[in-house]
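Protein chains in written order, with the numbering used here: chain A, 1 to 344; chain B, 1001 to 1344. Yeah, the Cβ is synthetic: ideal placement off N, Cα and C, and Gly gets one too. Just so you know, these numbers come straight off a predicted model, no measurement behind them.
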């Protein structure tokens, strides 16, 4: 195992010269080769597992057919797989492969690793964050087409793909409104990130569209985990005029809401409707009843970022190509935690 | 944005000839260059973001410094990130990058994609499964060093890295035994995979070591999700002589156990100790009380597979190198769901 099959091996096995094999495998024009010989050489090459030298080809074509995928903290998120898969499958449609790098958010390591990527002559780079945030693109990447993935820059010249947080928040609240809820609480995250501000804006917009006034007592911010959701729900559900439905910033927080409701003797969804955000299937399918939520478009963001990168490369050839800061919708995923409010 | 910086650009900016830049950047020996000029050229190259041509270098050295990472279903598991990260960080120590491919388990796509990888002259391949299983290594990979990751072959000549399921099951049950439990139930998975058989064997071994007889009424198999765990727990906890502790095949199943216990008015851990498997942090940290569990060594498997691959490449040069089928331990992660059994 392990020795790479070369042209000489194919030649020996097919009983022809290495030159003949080379002509056939490299499809050199103007060389006359007996069709049977050609067939035999191609079959032999296939049987032996011969693979043409992609490095030499890349050097000839001045491109490597690879895309660099630089991510900050791939390991700490269950979303990583879907982002990578979306990018990978879209890239594969164009015979492109992904070269993966993880920087762990360390700027010095990032600089060194991006150098490595550029040495491999990648055709472009996806600079991916594992949650939606505002980033500064590393200087080094200005010499190669780059798209930010689940991140955006304050520089409008840098193309990016992010989820539409405002629309996502609005989608969640409209689902509750459509079931007749009017007192809808929002358990938001304390962190100063685009998702926090965007989902709050979506919540307020949906209320306004339904002609409902904002009630500050219905919005509580907490840490974005089950313990935070638990604490927030205890506050909201023990208030004088308690909400009939809760929109949670994250599915993790909704887990704590389920615990609080159980302790208070409230049944979900009969006494309280709950909607989450993220579509973390481990949580949403594991909770009982299943948690209705809004999905982050991870697969789609990965795929769209590759499409943008290809457009950027193509546009450059024509000397044009305005950068796009693209926002993708977050779809509703209905399970069993939202019904009409109880009759009071 | 997007044009690659070449030697000519560096030469123009530094005010020297392209030949001088080439000598300095490629560290050509026997060429005398003024140290100040060398310094200026190196700084200019750095400022402009010049990257040497890795393709040309790879062709010269007959290696690409890349490892192919072929996975079956990267998107459907929250573990993917940690496996990839472990492989990536170990690879980076050796200036190797990962080329990622996902086959989705489709053999035809897999064949085509592995061809693509071999064309890129990868130095070796990690063939990764997203859960521990027995696989047949694709024929094409016999021509390149390959290590199976979270998978193993029935062919002992194929190197692999997998979790030690038996030891993991034993670790979980010993934790319960050490707290004084003697009636320990096991909620196992119905699927015919190594984890199912290994964890059962670990459970039985730990009991035998403690001098406890096997009681078939204490082992229930169910689907490996929260609903399965719920059904199994209802059966075990409503039996005449109910267990004081439950070992669950998966954290997902433990989620259902928590629900069953709450419905039966049992408190975890006071009335029932629970231990899971997988260390799915979303679940283990989200449940209340936090779920004690056994972790799968995903990061470590990724890293060890790269180490094995490098050893394989090195060993080949010396014409030796027995394949290793390596098993890594699954460590206990203690949270708050295991205490001493209630006094009866």
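Item to complete: With 8 angstroms as the C-beta to C-beta threshold (strictly closer), list the residues of the segment 1279-1291 of chain B near chain A in chain order.
Response: Using a CB distance below 8 angstroms, the part of the segment 1279-1291 of chain B facing chain A consists of 1280, 1282, 1283, 1285, 1286, 1287 and 1288, ordered along the chain.
Fill in: Proximity to residue 68(A) [Cα-Cα], best of 178(A), 98(A) and 210(A)
With distances taken between Cα atoms, residue 68(A) lies closest to 98(A).
Worksheet item: Taking Cβ-Cβ distances below 8 angstroms as the criterion, which residues of the segment 1013-1037 of chain B are in contact with chain A?
Response: Hits within the stretch: zero.
Discussion item. For a minimum of 3 consecutive residues, which ranges assigned as the beta strand (DSSP E) are wholly contained in the segment 1174-1245 of chain B?
Written reply: Complete beta strand (DSSP E) runs here, min 3: 1184-1189 and 1219-1222.
Worksheet item: Going along chain B in order, which residues have a C-beta closer than 8 angstroms to the C-beta of residue 140(A)?
Response: The contacting residues are 1049.
Fill in: Beta-bridge partners of residue 1352(B), as assigned by DSSP
The structure shown does not extend to residue 1352(B), since chain B is modelled only from 1001 through 1344, so no value can be given for it.
Worksheet item: At a Cβ threshold of 7 angstroms, is residue 189(A) touching chain B?
Response: Answer no: the Cβ-Cβ gap between residue 189(A) and chain B never drops below 7 angstroms.
Fill in: Neighbour flag for residue 330(A) against chain B, beta carbons, 7 angstroms
For residue 330(A), the nearest beta carbon of chain B is not closer than 7 angstroms to its own beta carbon.
Worksheet item: Do you know offhand how far residue 149(A)'s Cα is from residue 130(A)'s?
Response: Rounded to the nearest angstrom, the two C-alpha atoms are 9 angstroms apart.
Worksheet item: Tell me, which residues are paired with residue 293(A) by DSSP?
Response: DSSP, once it has assigned bridges, lists 333(A) as partnering residue 293(A).
Worksheet entry | Length at least 3, wholly inside the segment 127-163 of chain A: the beta strand (DSSP E) runs in chain order | Fully enclosed beta strand (DSSP E) runs of 3 or longer: 146-152 and 160-163.
Practice prompt. Answer yes or no: do residue 5(A) and residue 22(A) have a C-beta to C-beta separation smaller than 7 angstroms?
Written response: Taking C-beta atoms as the reference points, residue 5(A) and residue 22(A) fail to come closer than 7 angstroms.
Worksheet item: Closer than 7 angstroms, CB to CB, is residue 1143(B) near chain A or not?
Response: So, interface residue.
Worksheet item: Would you say residue 248(A) and residue 229(A) are within 7 angstroms of each other, going by their C-beta atoms?
Response: Going by C-beta atoms, residue 248(A) is nearer than 7 angstroms to residue 229(A).
Worksheet entry | Distance, residue 127(A) Cα to residue 146(A) Cα | Rounded to whole angstroms, residue 146(A) to residue 127(A) spans 7 angstroms at the Cα level.
Discussion item. Just verifying my parser: in three-state terms, what is the DSSP assignment at residue 67(A)?
Written reply: Three-state result, residue 67(A): strand.
Worksheet item: So, helix, strand or coil for residue 5(A), using DSSP?
Response: Residue 5(A): coil per DSSP, three-state reduction.
Worksheet item: Are the Cβ atoms of residue 12(A) and residue 41(A) separated by less than 7 angstroms?
Response: No, these two residues do not count as a Cβ contact at 7 angstroms.
Discussion item. Using C-beta distances below 7 angstroms, list every residue in its chain close to residue 1332(B), excluding the 5 sequence neighbours before and after it, in chain order.
Written reply: Closer than 7 angstroms at the Cβ level, and outside the excluded window around residue 1332(B), lie 1171, 1175 and 1294.
Discussion item. Assuming residue 1291(B) and residue 1254(B) are in contact, meaning their beta carbons sit under 8 angstroms apart, how far apart are those beta carbons, in whole angstroms?
Written reply: Right, the Cβ-Cβ distance comes to about 5 angstroms (below 8 angstroms), so this counts as a contact.
Item to complete: Rounded to whole angstroms, what's the CA-CA distance from residue 345(A) to residue 84(A)? Just pull it up for me.
Response: There is no way to answer for residue 345(A), as the model of chain A reaches only from 1 to 344.
Worksheet item: Taking 7 angstroms as the CB-CB cut-off, is residue 81(A) touching chain B?
Response: True, the Cβ-Cβ gap to chain B drops below 7 angstroms.
Discussion item. What would DSSP say about residue 118(A), mapped onto helix, strand or coil?
Written reply: Note: residue 118(A) maps to helix in three-state DSSP.
Discussion item. What does the Cβ neighbour count give for residue 1190(B), buried or exposed, with the cut at 16 atoms within 10 Å?
Written reply: Looking at its Cβ environment, which holds fewer than 16 other Cβ atoms inside 10 Å, residue 1190(B) is exposed.
Worksheet item: Beta-carbon of residue 1259(B) versus every beta-carbon of chain A: anything under 7 angstroms?
Response: Residue 1259(B) counts as touching chain A.
Practice prompt. Could you check the C-alpha separation between residue 312(A) and residue 113(A) for me, to the nearest Å?
Written response: Using only the alpha carbons, I get a separation of about 23 angstroms.
Worksheet entry | 7 angstroms Cβ cutoff, residue 1245(B) in contact with chain A | No, no contact with chain A.
Item to complete: Could you work out which residues of chain A lie near residue 1255(B), taking near to mean beta carbons separated by less than 9 angstroms?
Response: Listed along chain A, the residues sitting closer than 9 angstroms to residue 1255(B) by beta-carbon distance are 282, 283, 286, 287 and 288.
Worksheet entry | Buried versus exposed call for residue 256(A) [16 or more other C-beta atoms within 10 Å across all chains shown] | It counts as buried.
Discussion item. Alpha carbons only, please: which of 1308(B), 1009(B), 1339(B) and 1343(B) is nearest the one belonging to residue 1161(B)?
Written reply: Shortest Cα-Cα distance from residue 1161(B) to any of 1308(B), 1009(B), 1339(B) and 1343(B) involves 1308(B).
Discussion item. Please classify residue 1154(B) as buried or exposed, where buried requires at least 16 other C-beta atoms within 10 Å of its C-beta.
Written reply: Residue 1154(B) is exposed by the Cβ-count criterion.
Item to complete: May I ask you to list the residues that DSSP assigns as paired with residue 72(A)?
Response: DSSP output for residue 72(A) lists no bridge partner at all.
Worksheet item: Is residue 1017(B) buried or exposed, if buried means 16 or more other CB atoms sit within 10 Å of its CB?
Response: Flag for residue 1017(B) reads exposed.
Worksheet item: Straight-line CA distance for residue 1073(B) to residue 240(A)?
Response: Their Cα atoms are separated by approximately 49 angstroms.
Practice prompt. Specify, as a first and last residue, the run of the beta strand (DSSP E) that residue 1266(B) falls within.
Written response: From DSSP, residue 1266(B) is part of no beta strand (DSSP E); its letter is neither H nor E.
Fill in: Identified DSSP bridge partners for residue 1102(B)
Paired residues: 1071(B).
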